[in-house]
Amino acid sequence: MNKRQRIKKNEDFQKVFKKGKSFANRQFVVYCLKQQDQQAFRIGLSVSKKVGNAVTRVQVKRYIRQAFLEMKDEVNQDFDYVIIARTQAAMLDFHETKKSLQHVLKVARVYKSSTNR
């Protein structure tokens, strides 16, 4: 996942929080904001200290990034996404993380599940 696909600036996070819509399950809260004239989606990650120690938080972030990388063709490209990991996200392995993210993105109606997989 390259640098252009990440949300880093606080003002970008705030814009998605204020204008975007939120969807949640037990492990993640996802804010989605449609952007005009954007070729690829961007994601911002927020993993609080409540989730665990630094090693755990970095692992959760890596799992989320890798899951988005694998789902990049099924996710709507003209959106900004901010993913907030809840404490239960620390208990998941990679495959469970991906499945949970797919679920919340389907609820948000920004995930196109492909039938040939």
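For the sequence shown, the positions run 1280 to 1396 when this note's numbering is used. Beta carbons are placed, not taken as given, at the ideal position from N, Cα and C, and that holds for glycine. Because the structure is a prediction, the values reported are computed rather than measured.
In DSSP terms, what residue i is bridged to
i, result
"Arg1285", "Ile1322"
"Val1354", "Tyr1390"
"Phe1307", "Ala1364"
"Lys1377", "According to DSSP, Lys1377 bridges with nothing at all."
N-terminal and C-terminal residue of the alpha helix (DSSP H) that residue i is part of
i, result
"Ala1333", "Ala1333 to Glu1349"
"Val1361", "Looking at the DSSP string, Val1361 is not in any alpha helix (DSSP H); the run it does join, the beta strand (DSSP E), is Phe1358 to Ala1364."
Residue i vs residue j beta-carbon contact at 8 Å
i, j, result
"Val1389", "Thr1366", "no"
"Val1326", "Leu1312", "no"
"Ser1261", "Phe1307", "Limits of the chain in this structure are 1280 at one end and 1396 at the other, which puts residue 1261 out of reach."
"Ala1368", "Val1339", "yes"
"Ala1346", "Lys1385", "no"
Residue i versus the options, residue with shortest Cα-Cα distance
i, options, result
"Glu1349", "Lys1282, Ala1303, Asn1304 and Ser1392", "Ser1392"
"Ser1301", "Ala1369, Lys1377 and Ile1363", "Ile1363"
"Phe1292", "Tyr1310, Tyr1342, Asn1355 and Phe1347", "Tyr1310"
"Gln1318", "Leu1384, Asn1332 and Gln1284", "Gln1284"
"Lys1298", "Leu1384, Lys1351 and Phe1358", "Phe1358"
Endpoints, beta strand (DSSP E) assigned at residue i
i, result
"Lys1391", "Premise fails: Lys1391 is in no beta strand (DSSP E) and is neither H nor E."
"Val1330", "It is not in any beta strand (DSSP E) - Val1330 carries neither H nor E in the DSSP assignment."
Expected contact under 8 Å - CB spacing of residue i and residue j to nearest Å
i, j, result
"Asn1417", "His1374", "It is not possible to answer for residue 1417, since the shown part of the chain is limited to 1280 through 1396."
"Ile1286", "Ile1343", "About 13 Å; that fails the 8 Å criterion."
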